[in-house]
Amino acid sequence: MALFAIADLHLSLGCDKPMDVFPGWHGYVDRLKEQWLEQITDNDVVVIAGDVSWGMSLRQALADFQFLDALPGRKLLLKGNHDYWWETRRKMDAFFDEHQLHTLTIVHNDCYPLGDGRAVCGTRGWFYDAEADADKKILNREIGRLQMSVTAALERGLQPVVFLHYPPFYAGTMCREMFDALKALGVTVCYYGHIHGRAAIQKATNGIVDGISLKLISGDALQFKPFLIL
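Here the working numbering runs 2 ahead of the position in the sequence shown, where the first position is 1.
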């Protein structure tokens, strides 16, 4: 089994929200499928760290889910800021069962054991430069979700492999609260998405910040080739 990751697919097969109009995104669905099939097997796991679909509801995102389900491997879905289809865990699981989307699994307030001593953990996160009281409230809630997820792994004696949608550090600005939470949990590597466009990607950090190794895995940053972690 191999573990891969990618974020920000922004699929829109069931709605009119094409990303091909943006530089670097031309033919991205076909490029993603081709590169996925080249390296991923049914025995592998792929983490999709947020912004999976532009669908405004589970029903509208169905075509995107079916596209992913037809690809090899187990897909673990985390929430992004544009995943408006996101519902309660019970509703999402029921929808996946109803439509026989058997390779899709939601990771939310929990972890996904990989069967090799590791577990996928993570949450959406929030703005790295959050200052307003409302943003601070959401950030604290996301930190709580991260703690629940990583603790679920640690309590089983598993090594957490941690993902966030929002970057905890970007363009020289650190989300101190998120970093403190990661360090308190013993996390030394964190994969993140959300950052798009050549100029923005160039400002993103792929390296060690305050003892934590960061890696950007947004779709266009990876040129739509899922990143091999282990």
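Each residue gets a CB set at the ideal place from its N, CA and C atoms; glycine is no exception.
Mapping the DSSP letters down to three states, classify residue i as helix, strand or coil.
i: residue 152; result: helix
i: residue 168; result: coil
i: residue 102; result: coil
i: residue 69; result: helix
i: residue 77; result: strand
i: residue 108; result: strand
i: residue 187; result: coil
i: residue 229; result: strand
i: residue 176; result: strand
i: residue 6; result: strand
i: residue 205; result: helix
i: residue 217; result: strand
May I have the straight-line CA-CA distance separating residue i from residue j, to the nearest angstrom?
i: residue 19; j: residue 224; result: 21 Å
i: residue 121; j: residue 134; result: 33 Å
i: residue 196; j: residue 93; result: 25 Å
i: residue 228; j: residue 48; result: 8 Å
i: residue 115; j: residue 160; result: 8 Å
i: residue 128; j: residue 165; result: 13 Å
i: residue 17; j: residue 212; result: 41 Å
i: residue 32; j: residue 23; result: 15 Å
i: residue 102; j: residue 230; result: 27 Å
i: residue 59; j: residue 83; result: 14 Å
i: residue 79; j: residue 187; result: 22 Å
i: residue 149; j: residue 130; result: 18 Å
i: residue 68; j: residue 50; result: 15 Å
i: residue 97; j: residue 63; result: 11 Å
i: residue 86; j: residue 185; result: 30 Å
i: residue 199; j: residue 138; result: 27 Å
i: residue 73; j: residue 108; result: 17 Å
i: residue 71; j: residue 214; result: 33 Å
i: residue 190; j: residue 61; result: 38 Å
Do you know whose CA, among the options, lies nearest residue i's CA?
i: residue 26; options: 222, 229, 230; result: 222
i: residue 7; options: 17, 29, 34; result: 34
i: residue 38; options: 130, 77, 90; result: 77
i: residue 54; options: 177, 28, 15; result: 15
i: residue 75; options: 191, 42, 209; result: 42
i: residue 173; options: 154, 209, 187, 188; result: 209
i: residue 152; options: 175, 192, 3, 107; result: 192
i: residue 29; options: 146, 12, 156; result: 12
i: residue 91; options: 112, 71, 104, 188; result: 112
i: residue 117; options: 158, 137, 201; result: 158
i: residue 95; options: 59, 106, 73; result: 106
CB-CB under 8 Å to residue i, same chain, minus the five flanking residues each way: which ones, in chain order?
i: residue 81; result: 52, 88, 110, 125, 126, 167
i: residue 203; result: 197, 218, 220, 222, 223
i: residue 3; result: 45, 46, 47, 116, 117, 118
Apart from the five residues on each side of it in sequence, which residues of its chain come closer than 6 Å, Cβ to Cβ, to residue i?
i: residue 207; result: 171, 216
i: residue 5; result: 47, 231, 232
i: residue 163; result: 120, 122
i: residue 177; result: 130, 170
i: residue 10; result: 53, 195, 220, 221
Does residue i have its Cβ less than 8 Å from a Cβ in chain E?
i: residue 222; result: Structure shown: chain E not included; a single protein chain is present.
Short of 7 Å in beta carbon distance, which residues of its chain neighbour residue i, apart from the five on each side in sequence? Order them along the chain.
i: residue 65; result: 15, 16
i: residue 145; result: 179, 180, 183
i: residue 119; result: 160, 161
Taking 7 Å as the cut-off, is the CB of residue i close to at least one heavy atom of the ligand MN?
i: residue 215; result: No copy of the ligand MN occurs in the structure displayed, which carries no ligand at all.
Could I get the ranges of all uninterrupted alpha helix (DSSP H) runs contained in the segment 117-150, with 4 residues as the minimum, in chain order?
The segment 117-150 is shown to contain no whole alpha helix (DSSP H) run of 4 or more residues.
Which ranges does the beta strand (DSSP E) cover as unbroken runs of at least 3 residues, wholly within the segment 28-68, from first to last along the chain?
Runs of the beta strand (DSSP E) inside the segment 28-68: 47-51.
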